[in-house]
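The structure appears right after this line, and notes come after that.
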Amino acid sequence: MTGSQTEANIRKTLLISTDHELIGMAKGAFDASGEIRIAVLQKPVSEVATEIRESHYDALVIDLDATSVTDFEQLQKIKRMAGTSTAIIVISENFSPSAARILIQLKVTDFLVKPMATSDFVRSINNALKLSSQNAQVEPQFLAFMPASGGVGNTVLALEAAAILNRYGKQVGRSTCVVDLNFQHGSCAEYLDLEPRFDINEIENAPERLDRQLLDVMLARHASGLSLIAAPNKPSDMRSFKPALVVRLLDLVSAYFDYVVIDMPRIWFPWTETVLMGSNRTFIIADMTVPSIRHARRTIAAIEEKGGNQIKPQVIVNRMDTRKNVAGLNATDVTAALDGHLVGTIPNNYMLVRDAVDRGVQLSEIDPANNVTASLSAIIGQNDENAEAEEDGKSSILAFGRKLFRRKAA
Ligand SMILES: Nc1ncnc2c1ncn2[C@@H]1O[C@H](COP(=O)(O)OP(=O)(O)OP(=O)(O)O)[C@@H](O)[C@H]1O
Ligand SMILES: [Mg+2]
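Given below as structure tokens:
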């Protein structure tokens, strides 16, 4: 999404406001290297004269008092001056139904109520500028992976799901990010052989400081194009973070990425249910042992208790052994025990997974036709068949709807 842009491709946006908080958020929301550049005219809208004519802006974001007749008259004037090719976004903290009606009559492109989430602000501007229109229309998809017990392959499967989405997304101009919420002892960075750069201490007490620029600094990027948010390991530093920080992080991520895969910790934190409620799909990873399947059942019960029917957990059984003659669990037992929650199984492929993890590469780099990737692709509904069908809106990955970390609809 970032990267060097030629001057001609850069879209210019002007924010007219005297609200320091809004200005700070806007400046942080778009970094200088991106395709949108934001300038600020720090004066009340009533004092804006011909400045906006001097340089052509693709969009004007106007912060006004929606109870002031003068402000509305001024808005009308600015709109005429700017011409029809300039998008107008109005921001106010005091919209009334009649103010909304006036804005609709004036045919402004969008209006936002203060205070707003950075993601809403960014979405509104992206949509107004019709930047990569296909991209802008798609709601971000959040996939949460939560382990039923330790060492079940949660991280391996979350990363592989992200790899699948990333490969697919690249063809259609969508971006993918992995968020490792195992803040103390995550292994995503290790498995991808990347430097974890998310410095929680820096933003812990002021989550609002986390903006586009800071996020950019704290992202690690894999050669495949995948982005990763992971914190350096601090094994002896057992702390919990405020839900506001996690929500802020995911909200920001949702503004810039189309697919977000979350490696959840096994421990239930105060923010766990918020994250699951905001996710389009929640996968619980278990392995083929009696304790793990029991833990999966308990996790489902906990999710149902906390999230009601808002979260629909789906269990993936990893390292599935389909041999009929083994002692212990067989496939029929597992299906019965999970009572409709089982969504699929992943074969045991020790050599492949170990090799990938040791070399810090994705499974398909070792073997493009491997059985782990194939099974997982089928589960997340992102195999090649579905990729084609998606043009008709049939892809299951895009069929999931409204959730918390949501982009503003176009
Ligand atoms: N399908 C598979 N076949 C064979 N080995 C696998 C498979 N999936 C994962 N593994 C192996 O299982 C081990 C644990 O995997 P992983 O680290 O992903 O588990 P986890 O659930 O994230 O563990 P933790 O509880 O430490 O977070 C790794 O050594 C990995 O190589
Ligand atoms: Mg893990």
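Here the sequence shown stands for residues -16 to 393, where the numbers follow this note's numbering.
Heads up, the beta-carbon is just placed ideally off N, CA and C, and yes, glycines get one too.
Note that the structure is predicted; figures quoted are calculated from it, not measured.
Item to check | Residue from V31, A83, S0, P218 with nearest C-alpha to F166 | outcome: Within the sequence shown, the letter at position 183 stands for residue 166. The residue with the shortest Cα to Cα distance from F166 is P218.
Checklist entry - Does DSSP classify N354 as helix, strand or coil? => result Along the sequence shown, one-based indexing puts residue 354 at 371. Helix.
Checklist entry - Does the Cβ-Cβ distance between D241 and T305 come in under 9 Å? => result Numbered from 1 along the sequence shown, position 258 holds the residue referred to as residue 241. Numbered from 1 along the sequence shown, position 322 holds the residue referred to as residue 305. No.
Checklist entry - Roughly how many whole angstroms lie between the Cα atoms of H39 and G291? => result Counting from 1 along the sequence shown, the entry for residue 39 is found at position 56. Counting from 1 along the sequence shown, the entry for residue 291 is found at position 308. Each residue's alpha carbon lies about 51 Å from the other.
Checklist entry - Are M247 and M64 touching if we call contact CB-CB under 9 Å? => result Stepping through the sequence shown from its first residue, residue 247 is reached at position 264. Stepping through the sequence shown from its first residue, residue 64 is reached at position 81. Against a cut-off of 9 Å, the Cβ pair of M64 and M247 comes out as no contact.
Item to check | When R342, T67, G11 are compared against D199, the one with the closest alpha-carbon | outcome: Position 216 of the sequence shown holds residue 199. Checked all of R342, T67, G11; the closest Cα to D199 is G11.
Next on the checklist: Measuring alpha carbon to alpha carbon, tell me which residue in R222, E122, D341 is nearest V474.
Outcome noted: In the structure as shown, the chain starts at -16 and stops at 393, and residue 474 therefore has no counterpart that could be examined.
Item to check | Contact check, R(-6) vs D54, beta carbons under 9 Å | outcome: Your numbering for residue -6 matches position 11 in the sequence shown. Your numbering for residue 54 matches position 71 in the sequence shown. No, they are not a contact pair.
Checklist entry - If we ignore side chains and look at the alpha-carbon of each, how far apart do G17 and K289 end up? => result Residue 17 sits at position 34 when you count from the first residue of the sequence shown. Residue 289 sits at position 306 when you count from the first residue of the sequence shown. If you take the alpha carbons of G17 and K289, they lie about 40 Å apart.
Item to check | Beta-carbon separation (whole angstroms), P330 vs M303, contact threshold 8 Å | outcome: Along the sequence shown, read from residue 1 onward, the residue named residue 330 stands at position 347. Along the sequence shown, read from residue 1 onward, the residue named residue 303 stands at position 320. With a Cβ gap of about 6 Å, P330 and M303 count as contacting.
Checklist entry - Around the C-beta of R264, are 16 or more other C-beta atoms found within 10 angstroms, so that it is buried, or is it exposed? => result Taking the first residue of the sequence shown as 1, we reach residue 264 at position 281. Its Cβ being crowded by 16 or more others within 10 Å, R264 is buried.
Item to check | D93 and S75 closer than 9 Å at C-beta | outcome: By one-based count along the sequence shown, residue 93 stands at place 110. By one-based count along the sequence shown, residue 75 stands at place 92. For D93 and S75, no; Cβs fall outside 9 Å.
Next on the checklist: Taking only three categories from DSSP, how would you classify F266?
Outcome noted: If you number the sequence shown from 1, residue 266 lands on position 283. If DSSP states are grouped into helix, strand and coil, F266 belongs with the strands.
Item to check | Distance between V236 and R195 (C-alpha atoms, nearest Å) | outcome: Locating residue 195 in the sequence shown gives position 212, counting from the first residue. Locating residue 236 in the sequence shown gives position 253, counting from the first residue. Taking the straight line from one Cα to the other gives about 9 Å.
Item to check | Any non-hydrogen atom of ligand 1 within 8 Å of P130 CB | outcome: Mapped onto the sequence shown, residue 130 falls at position 147. Answer for P130: yes, Cβ within range of ligand 1.
Next on the checklist: Which same chain residues end up closer than 6 Å to W254 when comparing Cβ atoms and leaving out the 5 residues on each side of it in sequence?
Outcome noted: In the sequence shown, counting from the first residue as 1, residue 254 sits at position 271. The residues are P226, V229.
Next on the checklist: What residue range does the alpha helix (DSSP H) around S81 cover?
Outcome noted: In the sequence shown, residue 81 corresponds to position 98, counting from 1. Start and end: 80 to 88.
Item to check | Three-way DSSP call (helix, strand, coil) for A32 in this model | outcome: To locate residue 32, count along the sequence shown from 1; it is residue 49. In this structure, A32 counts as coil in the three-state DSSP scheme.
Next on the checklist: At a threshold of 8 Å, does G291 count as lining ligand 2 (C-beta to nearest heavy atom)?
Outcome noted: One-based indexing of the sequence shown puts residue 291 at position 308. Checking the Cβ of G291 against ligand 2 gives no.
Checklist entry - Is R20 helix, strand or coil when you go by DSSP? => result Counted from its first residue, the sequence shown places residue 20 at position 37. R20: strand per DSSP, three-state reduction.
Next on the checklist: Between which residues of its own chain and D2 is the CB-CB distance below 8 Å, once the five residues before and five after are set aside?
Outcome noted: Working through the sequence shown from its first residue, we reach residue 2 at position 19. The residues are D46, K97.
Next on the checklist: Is any non-hydrogen atom of ligand 1 found closer than 8 Å to the C-beta of I268, if you look at the structure I gave you?
Outcome noted: Stepping through the sequence shown from its first residue, residue 268 is reached at position 285. Answer for I268: yes, Cβ within range of ligand 1.
Next on the checklist: Buried or exposed, going by whether 16 or more other CB atoms sit within 10 Å of the CB of H168?
Outcome noted: As a position in the sequence shown, residue 168 is number 185, starting the count at 1. H168 counts as exposed, since fewer than 16 other C-beta atoms from the protein chains shown sit within 10 angstroms of its C-beta.
Item to check | N- and C-terminal bounds of the beta strand (DSSP E) containing K(-5) | outcome: Walking along the sequence shown from the start, residue -5 turns up at place 12. Looking at the DSSP string, the run of the beta strand (DSSP E) that includes K(-5) is -6 to -1.
Next on the checklist: Tell me whether G343, by its Cβ, gets closer than 8 Å to a heavy atom of ligand 1.
Outcome noted: Your numbering for residue 343 matches position 360 in the sequence shown. Answer for G343: no, Cβ out of range of ligand 1.
Checklist entry - What do you reckon, are the CB atoms on L24 and A70 nearer than 9 Å? => result The residue you call residue 24 lines up with position 41 of the sequence shown. The residue you call residue 70 lines up with position 87 of the sequence shown. No, they are not a contact pair.
Next on the checklist: Whether or not the segment 149 to 164 and the segment 201 to 220 are in contact is what I'm after, with contact meaning three or more pairs of Cβ atoms, one per stretch, closer than 8 Å; do they touch?
Outcome noted: Under the three-pair Cβ rule at 8 Å, the segment 201 to 220 counts as touching the segment 149 to 164.
Checklist entry - Under 9 Å between the Cβ atoms of I276 and L321? => result Numbered from 1 along the sequence shown, position 293 holds the residue referred to as residue 276. Numbered from 1 along the sequence shown, position 338 holds the residue referred to as residue 321. Yes; because the gap between Cβ atoms is below 9 Å, this pair is in contact.
Item to check | Environment of D182 [buried if 16+ CB atoms lie within 10 Å] | outcome: Here residue 182 refers to the residue found at position 199 when the sequence shown is read from its first residue. Its Cβ having fewer than 16 others within 10 Å, D182 is exposed.
Item to check | Proximal residues to R249 (C-beta, below 6 Å), its chain only, five neighbours per side dropped | outcome: As a first step, residue 249 must be located in the sequence shown, where it is residue number 266. Closer than 6 Å at Cβ, skipping near neighbours: P130.
Checklist entry - Span of the beta strand (DSSP E) holding V243? => result In the sequence shown, counting from the first residue as 1, residue 243 sits at position 260. Residues 242 to 246.
Next on the checklist: So for G136, helix, strand or coil by DSSP?
Outcome noted: Here the question's residue 136 lines up with position 153 in the sequence shown. Coil.
Item to check | Cα-Cα separation between K153 and A172, rounded to whole angstroms | outcome: Residue numbering aside, residue 153 sits at position 170 when the sequence shown is read from its first letter. Residue numbering aside, residue 172 sits at position 189 when the sequence shown is read from its first letter. Using only the alpha carbons, I get a separation of about 21 Å.
Checklist entry - Can you round the beta-carbon distance between L89 and Q59 to whole angstroms, since I take them to be within the 8 Å contact cut? => result Counting from one through the sequence shown, the residue named residue 89 turns up at place 106. Counting from one through the sequence shown, the residue named residue 59 turns up at place 76. At roughly 6 Å, the Cβ-Cβ gap stays under 8 Å, so L89 and Q59 are in contact.
Next on the checklist: Could you check if D246 belongs to the surroundings of ligand 1, using beta carbon to heavy atom distance under 8 Å?
Outcome noted: The residue labelled residue 246 in the question sits at position 263 within the sequence shown. Yes, the Cβ of D246 comes within 8 Å of a heavy atom of ligand 1.
Checklist entry - Can you pull the DSSP bridge partners for R204? => result For the purposes of this step, residue 204 is taken as residue 221 along the sequence shown, with counting starting at 1. Its beta-bridge partners are S210.
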